[in-house]
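Visitor: Numbering-wise (UniProt numbering), the sequence shown opens with residue 1 and increments by one. Glycine residues also receive a C-beta, built at the ideal position from the N, C-alpha and C atoms. As the structure is a prediction and not an experimental result, all values here were calculated from the model.
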Amino acid sequence: MIKEMGEINNLLKKNNQVIALVLLVLMFSLMLLYSHRKKNNLKDDMVITVGQIVNVRNGYKLNIDITYEFIRKQKKEEHSDLRVALSYAEGKELLYQYFPVIYQKSNPNNCQLLISPLDFKEYNIPYPDSLQWVKEKYFKGQ
Numbered sequence: 001m002i003k004e005m006g007e008i009n010n011l012l013k014k015n016n017q018v019i020a021l022v023l024l025v026l027m028f029s030l031m032l033l034y035s036h037r038k039k040n041n042l043k044d045d046m047v048i049t050v051g052q053i054v055n056v057r058n059g060y061k062l063n064i065d066i067t068y069e070f071i072r073k074q075k076k077e078e079h080s081d082l083r084v085a086l087s088y089a090e091g092k093e094l095l096y097q098y099f100p101v102i103y104q105k106s107n108p109n110n111c112q113l114l115i116s117p118l119d120f121k122e123y124n125i126p127y128p129d130s131l132q133w134v135k136e137k138y139f140k141g142q
C-alpha cells in the first residue's frame, strides 16, 4: 500500500512537470505569435514619421530602454523600446537625436523607432543616407 502511494506520488510529480513544460511552451508560442501579428499589422498599415530620443535608461540585463517622442495629429506621443544592440553609453550618445519612427495608422501604440540597418530591413525600408554616421559608429557590418 505504501509502495503504491509512493508510485502514485512519483507519477503525479512527473505529470506536473509535463504540464508545466507544456504550459511554458504554449506561453512562449503565444508570445511569438503575438509579436509576429503585431509586426504584420504594422507593416500592413504603416505610417513613417520622425521621432526624437528623449531618455535612455539601463534596462534589464544588457538591454537599454530608449524613450522617444513623435508628433501624430498635432499630439505628442511618447513610447519606449528595449534595445540589445546598443550599450547604455552608446544610447546616451544618441540622446536628443532624431530618427525615423513607424507606427500603425489604426493603432499608434504599435510603433517602432528605427535606428539600426536591421530595423529598416525588417520593414523593407531603405537605410537613409542621413543615418550613415550611426551605421558606421554603432552598427558596422550590418
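Between which two residues does the beta strand (DSSP E) holding proline 108 run?
Guide: Where proline 108 is concerned, the enclosing beta strand (DSSP E) stretches over 107–113.
Visitor: Could you tell me the distance, in whole angstroms, from the CA atom of proline 126 to the CA atom of lysine 135?
Guide: Their Cα atoms are separated by approximately 13 Å.
Visitor: Quick one: measure Cβ to Cβ for glutamine 52 and tyrosine 98, integer angstroms, because I've assumed they're closer than 8 Å.
Guide: The Cβ separation is near 5 Å, so the contact holds.
Visitor: Would you check if there are 3 or more beta carbon pairs closer than 8 Å linking the stretch 77–88 to the stretch 110–128?
Guide: The stretch 77–88, when compared against the stretch 110–128, does touch it at the 8 Å Cβ threshold.
Visitor: Hey, which unbroken runs of the beta strand (DSSP E) at 3 residues or more fall wholly within the stretch 62–132?
Guide: Here the runs fully enclosed are 64–72, 75–83, 98–104, 107–113.
Visitor: When you compare only the Cα positions, how much space is there between leucine 33 and leucine 42?
Guide: Approximately 14 Å, taken between the alpha carbons.
Visitor: Where asparagine 63 and asparagine 124 are concerned, what is the direct C-alpha to C-alpha distance, given to the nearest angstrom?
Guide: If I take the Cα positions, the gap works out to 25 Å.
Visitor: When DSSP builds the beta bridges, which residues end up paired with asparagine 55?
Guide: Per DSSP, Thr67.
Visitor: Does the distance from the C-beta atom of glutamate 77 to that of glutamate 69 stay below 9 Å?
Guide: Yes.
Visitor: Note down the Cα distance separating asparagine 40 from leucine 23, rounded to an integer number of angstroms.
Guide: Cα to Cα, the separation comes out at about 26 Å.
Visitor: Could you check how far apart the C-beta atoms of valine 56 and isoleucine 66 are, in whole angstroms? I think they sit under 8 Å.
Guide: Going by Cβ atoms, the distance from valine 56 to isoleucine 66 rounds to 6 Å, so yes, they are a contact pair.
Visitor: Nearest by alpha-carbon distance to phenylalanine 120: which of Asn16, Ile48, Tyr88 is it?
Guide: If we check each option's Cα against that of phenylalanine 120, Ile48 comes out closest.
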